[in-house]
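Each remark here refers to the structure printed beneath this line.
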């Protein structure tokens with residue numbers, strides 16, 4: 002009698018577990034499927050649009066023909082500009098937090114502020130960039146205003162990855178260096194940073210990926226609706242890939258006819274971003290294996 | 004052996020530079036606060052009447068001050084009698100510049116409109132129940148009517164207002180309620196969709212899946228986080244919006260539901276990563292104790308692991324909401340952007356970030372519309388700040404408890 006009851010409980014237990022795990026598995030496959038659906042859709046629709054001309058020509062006929070060359074160049078300028086700003090400052094900041102700031106209160110405060118900065122919506126960065134760089138400092142809609150806004154936005158990513166990278170360096174390296182009579186700065190320059198470099202570079206690549214896809218911060222600081230020429234100085238406006246996609250998709254002069262251009266632009270943009278993310282991933286794996294082997 | 008002085012100085016200087024860089028994020032947050040509020044707060048010191056225009060009435064009219072809501076109701080002809088705004092008992096006669104032809108012939112006005120100010124002055128003098136919406140410059144010399152002052156935009160009016168018509172004439176309406184509700188509506192919809200899904204994936208990756216499967220899934224979910232929001236928006240626009248339109252037989256597919264679905268997909272990586280990390284912190288000993296008592300793995304998960312990591316899961320949900328609240332481009336592209344108070348998921352809504360993105364380009368710098376958009380930015384900033392600090396608090400309390 003008892004054993005019969007027990008068998009029943011066991012059976013229901015096993016059944017509920019199987020159902021629950023089955024549901025989890027299906028849901029996970031669903032989520033993973035999202036990526037392939039989105040990617041697949043854009044690749045299938047966009048691949049026929051992509052050609053050498055598409056990448057190297059100016060847009061023509063109300064953006065329904067021609068290419069996206071100025072948008073690609075604009076995005077490259079923005080990446081370069083924002084990284085020139087955020088990479089050095091971010092790395093220095095990460096070094097300070099992990100190696101110098103000994104006071105727990107200071108570190109906690111800086112970390113809190115970094116997290117807050119990371120949580121601010123991109124459109125608020127756009128507002129801020131417009132108010133400070135475009136208007137107050139008088140840069141106007143320009144590469145420099147857009148780069149500074151984007152750079153500020155990616156700062157937390159750089160700081161965090163630098164911090165993580167430095168944290169993963171074993172303390173024995175530092176102690177060894179000190180024991181040889183090296184100063185703190187020498188230790189950081191010659192010992193800690195070289196070990197941490199690969200991971201710091203990973204952070205750099207990730208933030209480039211983020212910069213190349215952001216639209217909201219550049220809406221009012223740099224992005225031009227249609228500008229079929231290349232910039233001459235850092236005070237010029239440029240087109241940028243994500244904004245160009247937005248324009249093509251929603252407010253172009255002829256939305257139906259520029260759809261193929263939109264698919265092509267989306268494909269180029271997604272390829273850039275995915276390539277950067279995959280590269281960062283591969284780098285991280287490669288170096289984590291190497292460190293383990295040592 | 005002592006180091007030379009200049010070397011020590013050099014190290015000190017470097018340390019100073021490092022400290023300066025360390026403080027940059029704090030400085031940035033501070034600057035953002037200052038600039039947002041500096042640009043926005045002026046809104047509450049100004050009249051909502053279009054720049055360069057005034058409202059004028061007959062000089063015997065007892066009404067001398069009027070608020071923006073009333074102005075709108077009057078010009079929409081929903082208030083038709085002066086009595087209801089504490090004036091004399093008399094119907095209101097509206098006058099806009101284009102109405103001038105009803106009262107004067109073209110020769111009277113003059114071919115270059117040179118007599119227009121005089122005509123209007125005479126009009127306001129002769130019609131006792133008129134309210135005229137006219138350029139300010141016409142009221143300077145020999146004006147026989149009375150200019151009434153519109154009340155400044157009030158904070159309560161801004162937050163409680165149900166109408167967002169920032170470019171309406173004669174009086175702009177800055178009621179933030181439809182936008183605020185639109186934002187919350189879309190974000191809550193997103194979290195309702197993505198939390199169960201994200202939690203399931205997190206449990207699967209942390210407790211059920213083999214390491215090999217996990218090593219495949221994890222990078223894919225990271226890639227999902229890396230896709231730019233404008234691509235999500237584009238995908239939503241060309242795939243999900245038409246789908247919703249035909250599925251529910253709607254006139255337009257741009258709805259709150261479309262926004263929620265896209266935002267749900269976008270919030271998934273955040274939720275999955277944080278929930279999984281938190282589930283992984285459950286001590287092995289607790290799980291083993293449960294299994295040793297004869298519990299199945301699933302029983303262990305929902306009786307031991309989930310209660311243990313509930314604060315981490317809460318943090319994941321809150322951060323997911325934070326991501327959804329601030330998301331701009333994707334929402335702008337798929338929600339249809341109608342600034343009305345939402346009643347169902349199948350109608351267009353407009354969120355705060357989308358409003359800023361759509362309207363800032365058209366507003367004139369320093370004008371009331373521009374300032375109102377900066378106030379929206381402040382609201383967004385404060386919302387996300389609260390969300391961040393809550394998460395920070397939860398995770399710090401968590402660390403203390405688990406120490």
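Protein chains in written order, with the numbering used here: chain A, 2 to 295; chain B, 4 to 406. We treat Cβ as the ideally placed atom computed from N, Cα and C, and that holds for glycine. Note that the structure is predicted; figures quoted are calculated from it, not measured.
- Runs of the beta strand (DSSP E) lying entirely within the segment 16–103 of chain B and spanning at least 3 residues, in chain order: 56–60, 96–99.
- Contact with chain A is absent for residue 127 of chain B, since none of that chain's Cβ atoms lies less than 8 Å from the residue's Cβ.
- Under the three-state reduction of DSSP output, residue 232 of chain A falls in the coil class, being neither helix nor strand.
- In this structure, A:124 is the residue among A:124, A:205, A:64, A:117 with its C-alpha nearest to the C-alpha of residue 221 of chain A.
- Interface flag for residue 18 of chain A against chain B is set, since a Cβ pair is found closer than 8 Å.
- Taking C-beta separations shorter than 6 Å and ignoring five residues to either side along the sequence, the partners of residue 267 of chain B in its chain run 193, 196, 197, following chain order.
- Interface criterion met: the Cβ of residue 210 of chain A is under 8 Å from a Cβ in chain B.
- Given a length threshold of 4 residues, each whole run of the alpha helix (DSSP H) inside the segment 355–384 of chain B is given here in chain order: 355–362.
- Against chain B, the CB of residue 26 of chain A has a partner CB under 8 Å away; the residue lies at that interface.
- The three-state reading of DSSP puts residue 146 of chain A in helix, counting H, G and I together.
- Under the Cβ distance rule, residue 137 of chain B does not count among the residues neighbouring chain A, no pair being separated by less than 8 Å.
- Using a Cβ-Cβ cut-off of 8 Å, residue 294 of chain B does not count as an interface residue toward chain A, since no Cβ of chain A sits closer than that to its own.
- Its Cα nearest to that of residue 147 of chain A, the residue A:82 stands out among A:185, A:82, A:159, A:166.
- No Cβ of chain B is located within less than 8 Å of the beta carbon of residue 224 of chain A.
- About 47 Å separates the beta carbon of residue 119 of chain B from that of residue 258 of chain B, a gap too long to meet the 8 Å contact definition.
- Neighbours of residue 24 of chain B in chain A, taken as residues at a C-beta separation under 7 Å, are given in chain order as 90, 93, 94, 97.
- For residue 215 of chain A, DSSP records no beta bridge to any residue.
- When secondary structure is reduced to three states using DSSP, residue 168 of chain A falls in the helix class.
- The C-alpha of residue 401 of chain B is placed about 34 Å away from the C-alpha of residue 332 of chain B.
- If you check the CB distance, residue 199 of chain B and residue 69 of chain B do not come in under 8 Å.
- Residue 61 of chain A sits in a strand when the DSSP states are folded into three classes.
- Chain B has a Cβ within less than 8 Å of the Cβ of residue 129 of chain A.
- Along the segment 30–49 of chain B, going in chain order, the ones with a CB nearer than 8 Å to a CB of chain A are 31, 32, 34, 35, 38, 39, 41, 42.
- The segment 89–99 of chain B makes contact with the segment 70–81 of chain B: 3 or more CB pairs, one atom from each, lie closer than 8 Å.
- In the DSSP assignment, residue 335 of chain B falls within the unbroken alpha helix (DSSP H) covering 332–337.
- Taking a cut-off of 8 Å for Cβ pairs, the segment 181–199 of chain A and the segment 207–227 of chain A do not touch, as fewer than three such pairs fall below it.
- Taking 4 residues as the shortest admissible run, the segment 101–126 of chain B contains the following complete alpha helix (DSSP H) segments, listed from N- to C-terminal end: 103–106, 109–112.
- Distances from the CA of residue 51 of chain B to each of B:208, B:176, B:379 were compared; the closest alpha carbon is that of B:176.
- Classified as exposed, residue 106 of chain A has fewer than 16 neighbouring CB atoms from the shown chains inside 10 Å of its CB.
- Taking a beta-carbon distance threshold of 8 Å, residue 184 of chain B does not count as an interface residue toward chain A.
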